Amino acid sequence: MKLVITVVEDSDAAFLMETLMENGMQATKLASTGGFLLQGNTTLLIGVKAEKVEEVIEIIRSTCAPRKKIIPQIAPELPTAVGVPIEVEAGGAIVFVIDVEEFWKL
Numbered sequence: 000m001k002l003v004i005t006v007v008e009d010s011d012a013a014f015l016m017e018t019l020m021e022n023g024m025q026a027t028k029l030a031s032t033g034g035f036l037l038q039g040n041t042t043l044l045i046g047v048k049a050e051k052v053e054e055v056i057e058i059i060r061s062t063c064a065p066r067k068k069i070i071p072q073i074a075p076e077l078p079t080a081v082g083v084p085i086e087v088e089a090g091g092a093i094v095f096v097i098d099v100e101e102f103w104k105l
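If you're matching positions, the sequence shown starts at 0 in numbering that gives the first Met the number 0 and goes up one per residue.
Put into structure tokens, the structure is as follows:
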């Protein structure tokens, strides 16, 4: 048994959860925050048999593709000023795969 932990943008989470369910997989959804943009993220805990890990990773890869995003650049010393927009990479996913020694469903 493996535990796949993935951190994705909030905007990708619903489609990822739906795609996992369509493929017979379940996930526990946790709200999280972090990263360069300090925007909301979603952390999913996905328990699967070892032979399903690659399938889960492929689903994550196909539903959470990186993309370019334009954001306003704000200077900390001038929080009310609007700066020049900059292009940053958004989306994608961080994935951890952990061995599960025991699993209990009570």
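From the three backbone atoms N, C-alpha and C, an ideal C-beta is built for every residue, glycine too. Since the structure is predicted, the reported quantities are computational estimates derived from the model, not experimental observations.
Look up residue i in the DSSP assignment and give the residues it is bridged to.
{"i": "Glu-8", "result": "Asn-40"}
{"i": "Pro-65", "result": "Answer is none; Pro-65 lacks a bridge partner."}
{"i": "Gly-46", "result": "Leu-2"}
{"i": "Lys-28", "result": "Leu-43"}
{"i": "Glu-86", "result": "Ile-69"}
Measuring alpha carbon to alpha carbon, tell me which residue in the options is nearest residue i.
{"i": "Lys-28", "options": "Val-3, Ile-70, Glu-21 and Lys-67", "result": "Val-3"}
{"i": "Gln-25", "options": "Val-47, Met-0, Thr-42 and Val-83", "result": "Val-47"}
On the DSSP letters alone, give me the boundaries of the alpha helix (DSSP H) that residue i sits inside.
{"i": "Val-96", "result": "First-last for Val-96: 92 to 98, but that is the beta strand (DSSP E), not the alpha helix (DSSP H)."}
What do you get for residue i, buried or exposed, if any count of 16 or more other CB atoms within 10 angstroms of its CB means buried?
{"i": "Asn-22", "result": "exposed"}
In chain order, what residues of the same chain have a beta carbon less than 8 angstroms from the beta carbon of residue i, not counting five sequence neighbours either side?
{"i": "Gln-38", "result": "Glu-8, Asp-9 and Thr-32"}
Among the residues of its own chain, which have a CB less than 7 angstroms from the CB of residue i, if the five just before and after it don't count?
{"i": "Ile-56", "result": "Val-94"}
Among residues of its own chain, excluding the 5 on either side of residue i, which ones have a beta-carbon nearer than 6 angstroms to its beta-carbon?
{"i": "Thr-42", "result": "Val-6, Leu-29 and Ser-31"}
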